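Position in the sequence shown (first residue = 1) + 10 = my numbering. In this text, a Cβ means the ideal position worked out from N, Cα and C, and glycines have one as well. Since the model is a prediction, treat every value here as computed from it, not as a measurement. Everything below concerns the one structure shown next.
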Amino acid sequence: MAFLDHLNPQQRGAVTAQEGPILVLAGPGSGKTRVLTSRVAYLVLDQDVPPWRVMAVTFTNKAAREMRERLEELLGPSRARTLTLGTFHATCARILRREAEPAGISRDYVIFDADDQARLVKQAMADLNLDDKRYPPRSVLAAISQAKSELIPPETYAPQSYYGEIVKRVYERYQALLSANRGLDFDDLLMVTALMFRQRREVLARYQEQYQHILVDEFQDTNQAQYSLLRHLTRDHHNLFCVADEDQSIYRWRGADYRNIRRLRSDYADLETYILERNYRSTQTILDAARAVIRHNRDRVDKHLYTDRGQGPEIVVHEAYDQDDEAQFVVDTIAQFVAREGRSAGDFAIMYRTNAQSRALEEAFVRASLPYKLVGATRFYSRREVKDLLAFLRLVHNPDDDVSMARVVNVPARGMGAKTITALEDAAREQGISVYRVLQSIREPGSEGPGLWSRARTSCLAFLDMVEGWTVASRELRVAELVSRILEETGYEDYIRHSNDGTGGREDLAQREQREERWGNVLELRNVAADYQHHSLAEFLTDVALVSDVDNLSADVDAPTLLTLHSAKGLEFPIVFITGLEEGLLPHSRSFDEPEEMAEERRLTYVGLTRAKDRLVLTYAFRRSRFGSSEAAVPSRFLDDIPDELTRGSWGEPQMSGRERETSWGSAEAAGAPAAGGELTTQPRFRVGQRVLHEVFGEGMVLESRGLGDNEIVTVNFEELGLKRLMAGMSPMAVLEG
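This is the structure in C-alpha cells:
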C-alpha cells in the first residue's frame with residue numbers, strides 16, 4: 011500500500027472512501043489519473059476485489075494507455091491484464107463482439123470511420139433523390155449522431171420540422187445501409203449496447219454481476235447514452251466512482267452534457283463528493299488567471315486552486331496588427347525562448363479557437379524554415395494508402411462490406427472499369443445482396459454476370475479468388491503476415507512506388523519522394539499490425555478505428571505544436587500561446603445570444619489557460635481578415651476578466667525575423683547576439699507613429715518596431731501597398747521630418 015503515501019490528503023480521502031457512489035471534482039493538474047489508478051489498486055490490494063470485477067472507462071486511448079501502464083506497475087502485469095480498461099467506445103465494442111446475437115447485429119461487424127459515414131450518408135441521400143447542396147451531408151450526419159447520443163433509433167425519431175423529416179428519412183436509409191454492410195458507426199457502439207441492456211435484462215444481469223466497481227474518467231464529458239450505460243450497470247450496487255470537472259466540459263457540440271453531474275447527485279442520494287484543489291502543473295499566476303475567467307459561470311462548484319510551484323512570471327498579453335503579424339510574433343518569441351533560455355522547441359504549444367487560424371501560423375513557420383507539428387492534419391489512418399490497405403483487411407473480415415469493396419475492387423487497376431463496377435453495384439442493389447455475393451454468383455455455371463464482358467468477368471473472378479484466399483489464410487496467419495500477403499498478391503508496392511496513376515510524363519524529385527513517403531506509410535501500418543501477433547484481425551480493426559488525432563501526436567519531432575483549444579484537452583506544455591483572443595472568435599460569435607454557449611466558451615478558454623505549466627502568452631489582433639475582408643477586432647471579454655496585476659505587455663527584448671533565424675531554432679543570430687568584437691546597438695532607428703519614405707514602396711507610417719540596430723524589424727503601413735515588414739538594416743527607408 012506504499013502508493014497511498016504519495017497522495018495528498020484530498021486525494022487519499024477519495025481513494026480510500028467506502029463503497030457506494032463517489033464524485034471527485036478534480037481541478038486541472040490535480041492528479042486525477044493518479045487518483046483513478048490508486049482507487050483501482052486500493053480496491054484490488056486492500057479490499058480484495060478481483061481485478062476482473064473492475065471496469066475503468068475514459069475518453070481517449072492516450073488516457074487509457076497511461077492508466078494501464080500505471081496499473082501494471084501497481085498490480086503487476088498479470089492482474090492488470092484482467093481489468094476491463096479502455097475508452098467507452100472500445101469497451102462497448104468488446105461487449106458487442108460477445109453479445110452480437112442479443113444485440114441484433116453481426117458478430118463480424120466492422121466499425122465505419124468518419125469518412126465512411128459521410129460516404130454512406132451521401133449514398134443514402136442519392137438513393138432518396140435528395141439534393142446534398144440543399145441538405146449538406148455533414149449536417150445531416152451530425153443530426154443523426156445527436157439522435158443516437160440521446161438513444162433515439164430511426165424508428166422512434168420524431169421530427170419537429172421539415173428538415174427533421176429529411177433527417178428521419180436519411181437516418182432510416184443510412185441505418186439500412188449500415189446494416190447491409192454489417193457495419194456500426196461510433197455512435198452505434200454506445201447506442202446499441204445501451205438499448206441491449208435496456209431490452210435484454212438477462213444480458214444486463216451478467217454484466218451487473220461481473221462489474222462490481224465502475225470507475226469513470228472525465229465524467230463531465232459523458233452524453234446521455236454513456237450515462238444510461240453507467241446507470242444500468244450500477245443500478246443494484248451503486249459502486250460508481252466518477253472523476254469530473256464541470257469547468258472542463260467543452261464538447262457540448264458532440265453531445266457531452268456536464269449536467270450529468272447534476273443528474274448523478276439526483277439519481278444517487280448517497281453520493282459522496284471530494285474536491286481536489288492542489289495543482290501540480292501550473293504556476294499560481296496561471297491558476298489565478300484561469301479562475302478569474304471561469305468564476306463567471308453558474309451551476310459549478312468553485313475550486314480554490316493552489317500550487318507549491320510559486321507565483322511564476324506574469325502572463326504576457328500582446329496586441330498584433332493582424333493575423334500575420336500575430337503569427338510572426340509567435341515565431342519570434344519562441345525563437346527567443348529557445349535561444350536565451352535553452353528551451354526545447356517541443357516545449358511550446360500554439361492554440362486557437364478555429365482550424366482556419368492555423369493558416370497564418372503555418373505560413374509563418376514555413377517562411378522561417380522552422381518545423382512544427384499540426385494536430386488535426388491528415389491523420390495517419392486517414393491517408394489514402396493506409397485506408398486502401400485497411401479496406402482490404404476489412405473485406406477479409408467482412409466480405410459484405412460494400413464501402414470497402416468499392417474502395418479497392420479496382421485498386422490497383424485490374425481490368426474492372428467504372429462501367430463494370432456500376433453494373434456490379436446495380437445488380438447488388440436490385441437483388442438486395444452485397445457486391446461480394448454478386449461476384450460469387452458470376453462463378454456459377456452458365457452465368458456471365460450482370461452484362462459483363464469476358465475480360466471483366468475474368469478480372470472479377472480473379473479478385474474474388476484473392477479475397478477468398480485471404481479469408482481462409484486469415485484463420486492461420488497473424489495480422490502482419492496477412493498484410494504482407496495482401497501487398498504481394500495485389501502488387502500494391504509497385505502501384506505505390508512506380509506507377510504514375512495514368513498521368514504520364516516523368517516525375518520530378520518531389521513526386522518520387524512523395525511516393526516513397528506513401529510506401530513508408532504502408533510499412534508503418536504493417537509495423538502497427540506486428541504488435542497484434544497475439545490478437546485477432548477483428549481486434550486490430552477495432553483498435554485502429556478508435557484512434558484519435560491527439561493519440562497520433564508524435565513526440566519524435568522536436569517542434570512547437572499547433573492545435574485547436576478543443577484538441578488541447580488532456581495535454582500540457584511548458585509554454586502555451588493562445589491566439590485570437592477577440593470578440594467573435596474567442597468567444598465565438600454564435601455564443602453571443604446563447605448563455606450556455608457563452609459558458610462553454612469560458613470553459614474552453616479555461617482549458618487552454620490551464621494547459622500551461624510555466625508561462626502563458628495571450629495574443630489578439632487589431633485587425634483580422636475574416637470571410638474575405640479585413641475588419642477591426644475587439645479584444646476578448648475574457649482578457650478583461652484577468653486581473654491587471656497578473657499580466658504585462660509584450661517583451662521588452664528584441665524580436666527576430668525568420669530571415670535572421672535562417673533554418674534552426676536558437677542560433678546565435680536568433681539570440682540577437684553581436685558579431686565577434688562588435689557592439690549591441692541600444693536604440694531603435696524607428697518609432698511607432700513616424701512617417702517614413704521607402705525608395706520603392708513610397709510613404710507610410712510605422713506601426714511597430716522590434717529589435718535593435720541591424721536586427722530591427724519595422725512594420726509599416728504604406729499608402730499604396732499596405733502592410734510590409736522590413737529589416738531596417740537592409741531597407742532604403744528614411745524618416746520624414748515634421
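With distances taken Cα to Cα, identify the nearest neighbour of Arg117 among Leu199, Ile588 and Gly699.
Position 107 of the sequence shown holds residue 117. Selected option, being the one with the closest Cα: Leu199.
Starting from Asp277, trace the alpha helix (DSSP H) in both directions and tell me its first and last residue.
Reading the sequence shown from its first residue, position 267 is the one you call residue 277. From DSSP, the alpha helix (DSSP H) with Asp277 extends over Asn270 to Asp277.
Which residue wins for smallest C-alpha separation from Glu486, given the options Gly427, Ala569, Ser546 and Ala540?
Counted from its first residue, the sequence shown places residue 486 at position 476. Out of Gly427, Ala569, Ser546 and Ala540, Ser546 has the C-alpha closest to the C-alpha of Glu486.
Does DSSP put Ala299 in a helix, in a strand, or in coil?
If you number the sequence shown from 1, residue 299 lands on position 289. If DSSP states are grouped into helix, strand and coil, Ala299 belongs with the helices.
State the Cα-Cα distance for the pair Ala51 and Gly442, rounded to the nearest angstrom.
Locating residue 51 in the sequence shown gives position 41, counting from the first residue. Locating residue 442 in the sequence shown gives position 432, counting from the first residue. Whole-angstrom Cα-Cα distance: 52 Å.
In chain order, which alpha helix (DSSP H) runs of at least 4 residues are fully inside the segment 615-660?
647-651
Residues bridged to Glu592 (per DSSP):
Residue numbering aside, residue 592 sits at position 582 when the sequence shown is read from its first letter. DSSP output for Glu592 lists Pro645 as bridge partner(s).
Contacts around Arg669, its chain only, beta-carbon distance under 6 Å, and the 5 residues preceding and following it disregarded
Here residue 669 is taken as the residue at index 659 of the sequence shown, counted from 1. Below a pLDDT of 50, predicted positions are generally treated as unreliable, and Arg669, at 29, falls in that range; the measurement from the model is reported next regardless. So the list is empty, once near-sequence residues are dropped.
Hey, how far is the Cα of Glu478 from the Cα of Val406?
Position 468 of the sequence shown, counting from 1, holds the residue named residue 478. Position 396 of the sequence shown, counting from 1, holds the residue named residue 406. The alpha-carbon atoms of Glu478 and Val406 are separated by roughly 8 Å.
Are the segment 531-549 and the segment 338-358 touching by the rule of at least three beta carbon pairs closer than 8 Å?
Verdict: no, contact absent.
Selected residue, minimal CA-CA separation from Arg245, among Ala472, Tyr505, Pro31 and Val726:
In the sequence shown, residue 245 corresponds to position 235, counting from 1. The shortest Cα separation from Arg245 among Ala472, Tyr505, Pro31 and Val726 belongs to Pro31.
Out of Glu219, Val413, Arg108 and Val627, state which residue places its alpha-carbon closest to the alpha-carbon of Val64.
Locating residue 64 in the sequence shown gives position 54, where the first residue counts as 1. Ranking the options by Cα distance to Val64, first place goes to Glu219.
Could you tell me the distance, in whole angstroms, from the CA atom of Leu243 to the CA atom of Arg89?
Residue numbering aside, residue 243 sits at position 233 when the sequence shown is read from its first letter. Residue numbering aside, residue 89 sits at position 79 when the sequence shown is read from its first letter. Answer to the nearest angstrom: the Cα atoms are 22 Å apart.
Helix, strand or coil at Glu517 [DSSP, three-state]:
Counted from its first residue, the sequence shown places residue 517 at position 507. Caution is warranted here: a pLDDT of 47 is assigned to Glu517, below 50, making its placement in the model unreliable, and the coordinate value is therefore given only provisionally. Glu517 falls in the coil class under three-state DSSP.
What number of angstroms, rounded off, separates the C-alpha of Met476 from the C-alpha of Glu499?
As a working mapping, residue 476 is identified with position 466 in the sequence shown. As a working mapping, residue 499 is identified with position 489 in the sequence shown. The straight-line gap from Cα to Cα measures roughly 8 Å.
Count the other CB atoms, across all protein chains shown, that sit within 10 Å of the CB of Phe602; report buried if there are 16 or more and exposed otherwise.
For the purposes of this step, residue 602 is taken as the residue at position 592 of the sequence shown. Answer is exposed; the Cβ neighbour count stays below 16.
Complete beta strand (DSSP E) runs within the segment 43-100 (minimum length 3 residues, chain order)
64-68 and 94-97
Name the residue from Leu619, Arg658 and Ser259 whose alpha carbon lies nearest to the alpha carbon of Ile360.
Locating residue 360 in the sequence shown gives position 350, counting from the first residue. Ile360 has its Cα closest to that of Leu619, out of Leu619, Arg658 and Ser259.
Hey, how far is the Cα of Arg495 from the Cα of His508?
Taking the sequence shown and counting its residues from 1, the one referred to as residue 495 is at position 485. Taking the sequence shown and counting its residues from 1, the one referred to as residue 508 is at position 498. If I take the Cα positions, the gap works out to 19 Å.
Counting beta carbon pairs with one atom in the segment 219-237 and one in the segment 150-167, are three or more of them shorter than 8 Å?
yes
Would Gln665 be called buried (16 or more neighbouring beta carbons within 10 Å of its own) or exposed?
Stepping through the sequence shown from its first residue, residue 665 is reached at position 655. Residue confidence for Gln665 is low, a pLDDT of 35 falling below 50, so the modelled location carries little weight; the figure read from the coordinates is stated next. That one is buried.
Collapsed DSSP secondary structure at Thr725 in the structure displayed
Along the sequence shown, one-based indexing puts residue 725 at 715. Reduced to three states, the DSSP call for Thr725 is strand.
Nearest neighbour of Ser577, chosen from Tyr316, Val385, Gly659 and Leu449 [CA to CA]:
Along the sequence shown, one-based indexing puts residue 577 at 567. Checking every option, the nearest Cα to that of Ser577 belongs to Val385.
Excluding the five sequence neighbours on either side, which residues of its own chain have a C-beta within less than 6 Å of the C-beta of Thr692, listed in chain order?
Start at 1 with the first residue of the sequence shown, and residue 692 comes out as number 682. The predicted position of Thr692 is uncertain, since its pLDDT is 48 and thus under 50; a value taken from the coordinates is nonetheless stated next. Answer for Thr692: no residue qualifies.
Taking all protein chains shown into account, do 16 or more other C-beta atoms lie within 10 angstroms of the C-beta of Gln258, making it buried, or fewer, making it exposed?
Within the sequence shown, residue 258 is the residue found at index 248, counting from 1. Counting C-beta atoms within 10 angstroms of its own C-beta, Gln258 has 16 or more neighbours from the protein chains shown and is therefore classed as buried.
C-alpha gap between Leu595 and Leu371, whole angstroms
If you number the sequence shown from 1, residue 595 lands on position 585. If you number the sequence shown from 1, residue 371 lands on position 361. When rounded, the distance between both Cα atoms is 16 Å.
If the criterion is Cβ atoms closer than 8 Å, does the pair Pro694 and Glu722 meet it?
Within the sequence shown, numbered from 1, the residue matching residue 694 stands at position 684. Within the sequence shown, numbered from 1, the residue matching residue 722 stands at position 712. Yes, the pair counts as a contact, with Cβ atoms nearer than the cut-off.
Considering Ile431, what are the terminal residues of the alpha helix (DSSP H) in which it resides?
Taking the sequence shown and counting its residues from 1, one reaches residue 431 at position 421. It spans Ala428 to Gln441 - the alpha helix (DSSP H) in which Ile431 sits, taken as one unbroken run.
With H, G and I counted as helix, E and B as strand and the rest as coil, what does DSSP make of Tyr362?
Numbered from its first residue, the sequence shown carries residue 362 at position 352. Tyr362 falls in the strand class under three-state DSSP.
Boundaries of the beta strand (DSSP E) in which Thr571 is found, first to last residue
The count along the sequence shown starts at 1 and reaches residue 571 at position 561. Thr571 to Thr574 is the span of the beta strand (DSSP E), which, as asked, contains Thr571.
Buried/exposed call for Gln338, threshold 16 Cβ in 10 Å
Here residue 338 is taken as the residue at index 328 of the sequence shown, counted from 1. Classification of Gln338: buried, given that the 10 Å Cβ count is 16 or more.
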